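Q: Dropping a structure here in structure tokens format, bear with me for questions.
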Amino acid sequence: MARSANQKIKILYLMQILLERTDDNHGMTLEEISNALAECGVEAERKTLYDDLEVLRVFGLDIEKRKGKTVRYHVVSREFELPELKLLVDAVQSSKFITHKKSNELIKKIEGFTSRHEAQQLQRQVFVSNRIKTMNESIYYTVDYIHDAINSNVKVSFQYFSWNVKKEKVLRHNGDRFLVSPWALTWDDENYYMIGYDHISGMVKHYRVDKMLNICLTEEKRDGAELFRNFDMALYSKATFGMYGGKEQAVSLRCSNRIAGVIIDRFGTNLPFTNVTDTHFDIRIKVHTSPLFYSWLVAFGADITILAPGDVIEEYKSLAHAGLDQYQ
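Everything in the sequence shown is counted per my numbering, starting at 1 for the first residue and increasing by one.
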């Protein structure tokens with residue numbers, strides 16, 4: 001490499017070396033920096049290194065010079081601090097819709113935001129637990145297609161599958177393709193969902209992204225704009241238990257005071273509590289009355305009572321009796 005080109009690239013190698021090998025607890029001497037540059041095929045004299053370090057400081061790299069037995073240089077702050085990177089690693093690890101392979105790839109990239117010393121702390125977190133992961137490696141490309149369709153205002157076409165008892169994928173609708181207008185993506189109950197409008201049923205529906213196959217964009221413009229003009233994703237997620245579809249209804253519940261925290265965690269602090277006494281309070285919520293909603297009620301036993309409407313009470317009783325009848 002010509003000397004002029006060598007010197008032009010030197011400062012880039014210098015920044016890379018400092019970011020990879022130093023942090024608040026680990027520094028490098030000028031001799032160590034010079035040796036590291038030599039490994040990259042770049043010559044560096046002590047005087048020029050002083051100038052280059054100053055240039056990097058002016059550029060915004062937070063380099064600190066510390067005197068001890070030797071003088072060492074540290075990059076003491078970065079765009080992401082170690083606790084923030086640990087949060088990102090935990091999010092990747094706990095995401096059910098991210099495969100093991102992609103989790104490891106993403107974590108490796110996250111490690112690039114800190115020094116190799118601190119990266120070891122992130123790598124150890126990979127083995128915290130053996131969580132269940134999706135097996136659909138194409139989910140990332142599917143998400144990309146959905147974003148493209150939303151930005152291009154077109155419908156998507158895809159196949160959709162479920163699992164049978166033999167752990168085999170079974171295509172819904174005999175393999176016929178779904179044609180849906182995508183409007184949003186949401187992460188709920190550890191899964192990724194596409195929220196869209198089905199023009200055949202005239203309804204807003206959601207689809208597990210990891211169960212979508214062979215997705216492609218169409219040239220048809222999206223339908224359902226009027227439904228999504230004031231669409232509140234947070235309210236939709238609250239009303240749809242486990243993203244399980246069902247008839248949306250306004251339901252009145254009487255709750256024990258001791259589960260007030262549970263109700264707030266689920267529905268937020270803006271939900272009014274009425275008829276408050278020393279033992280209970282009432283709430284009125286809009287929910288999709290699905291089996292998952294009823295199973296949520298069952299978990300609280302006598303702490304939650306359905307007050308209205310009557311058809312929801314009867315459906316809940318019928319479901320409970322059907323379950324109990326198996327043990328008669």
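The beta-carbon is built from N, C-alpha and C at its ideal position, and this holds for glycine as well. It should be emphasised that the depicted structure is a prediction, and the values quoted were computed from it without experimental measurement.
Using the DSSP secondary-structure output, state which residues sit across from SER201 in a beta bridge.
A: Per DSSP, none; premise fails for SER201.
Q: Between which two residues does the beta strand (DSSP E) harbouring ILE304 extend?
A: Counting along the chain, the beta strand (DSSP E) containing ILE304 begins and ends at 304–308.
Q: Have a look at the DSSP bridge pairing and note the partners of LYS221.
A: Partner(s): VAL154.
Q: Confirm, please, whether the CB-CB distance from LYS10 to ASP52 is below 8 angstroms.
A: Yes, Cβ-Cβ distance for ASP52 and LYS10 is below 8 angstroms.
Q: Determine the extent of the beta strand (DSSP E) in which ILE259 is found, giving its start and end residues.
A: Run containing ILE259: none; DSSP gives neither H nor E here.
Q: Going by the beta-carbon positions, is the gap between PHE178 and TYR197 smaller than 8 angstroms?
A: Result no, Cβ atoms of PHE178 and TYR197 do not sit closer than 8 angstroms.
Q: Is it true that the CB of HIS288 sits closer than 8 angstroms to the CB of LYS317?
A: No, these two residues do not count as a Cβ contact at 8 angstroms.
Q: Roughly how many angstroms separate the alpha carbons of ARG335 and LEU18, rounded to a whole number?
A: Limits of the chain in this structure are 1 at one end and 328 at the other, which puts residue 335 out of reach.
Q: Give the straight-line distance between the Cα atoms of TYR13 and THR114, rounded to the nearest whole angstrom.
A: Those two C-alpha atoms are separated by around 16 angstroms.
Q: Under 7 angstroms Cβ to Cβ from ASP24, same chain only, skipping five residues before and after it: list those, please.
A: These residues qualify, in order along the chain: HIS74 and VAL76.
Q: Tell whether a beta-carbon distance below 8 angstroms holds between THR218 and LYS155.
A: Against a cut-off of 8 angstroms, the Cβ pair of LYS155 and THR218 comes out as a contact.
Q: Quick check on this structure: which residue in SER95, SER157 and ASP210 has the alpha carbon closest to the alpha carbon of LYS221?
A: Of the candidates SER95, SER157 and ASP210, the one whose C-alpha sits nearest the C-alpha of LYS221 is SER157.
Q: When you compare each of ILE215, ASP188 and ASN214 to HIS206 by their alpha carbons, which one comes out closest?
A: Ranking ILE215, ASP188 and ASN214 by Cα distance to HIS206 puts ASP188 first.
Q: According to DSSP, is LEU61 helix, strand or coil?
A: Here LEU61 sits in coil by DSSP.
Q: Please name the residue, chosen from PHE273, GLU43 and PRO182, that lies closest to TYR145 on a Cα-to-Cα basis.
A: Ranking PHE273, GLU43 and PRO182 by Cα distance to TYR145 puts PRO182 first.
Q: Would you list the residues sitting across from GLN159 in a DSSP beta bridge?
A: In the DSSP output, where bridge partners are listed per residue, GLN159 has LEU213.
Q: Between VAL165, LEU271 and MET212, which has its C-alpha nearest HIS173's C-alpha?
A: The shortest Cα separation from HIS173 among VAL165, LEU271 and MET212 belongs to MET212.
Q: How long is the line joining the alpha carbons of ASN164 and GLU20, rounded to whole angstroms?
A: C-alpha separation (whole angstroms): 48 angstroms.
Q: Taking 8 angstroms as the cut-off, decide whether the C-beta atoms of LEU307 and ASP282 are in contact.
A: Contact: yes.
Q: On the criterion of 16 or more Cβ atoms from any shown chain inside 10 Å, does GLU118 qualify as buried, or is it exposed?
A: Buried, since its Cβ has 16 or more Cβ neighbours within 10 Å.
Q: Here's a check: name, in chain order, each residue in its chain whose Cβ is nearer than 8 angstroms to the Cβ of LEU271, leaving out the five neighbours to either side.
A: Result list for LEU271: ILE263, ILE264, ILE283 and ILE285, in chain order.
Q: Using only the alpha-carbon positions, how far apart do LEU87 and TYR327 sit?
A: Computed Cα separation, rounded: 45 angstroms.
Q: Just verifying my parser: in three-state terms, what is the DSSP assignment at PRO182?
A: Three-state result, PRO182: strand.
Q: Among residues of its own chain, excluding the 5 on either side of ASN257, which ones have a beta-carbon nearer than 7 angstroms to its beta-carbon?
A: Within the same chain, ASN257 has close Cβ partners THR279, HIS280 and PHE281.
Q: State the beta-bridge partners of ARG254 as determined by DSSP.
A: ASP282 and THR305, per the DSSP bridge assignment.
Q: Would you please state the rounded distance, in angstroms, between the beta carbons of THR29 and THR70? I believe it to be under 8 angstroms.
A: THR29 to THR70, Cβ: 5 angstroms. Contact.
Q: Check for me: the alpha helix (DSSP H) holding LEU271 runs from which residue to which?
A: Premise fails: LEU271 is in no alpha helix (DSSP H) and is neither H nor E.
Q: Since GLN249 sits in a beta bridge, which residues does DSSP pair it with?
A: DSSP output for GLN249 lists VAL287 as bridge partner(s).
Q: Would THR186 and ILE200 be called neighbours here (beta carbons separated by less than 8 angstroms)?
A: No. Outside cutoff.
Q: Tell me TYR73's beta-bridge partners as DSSP assigns them.
A: In DSSP, TYR73 forms a bridge with MET28 and LYS65.
Q: Based on the DSSP output, what are the partners of LYS169 in its beta bridges?
A: BP columns for LYS169 point to TRP163.
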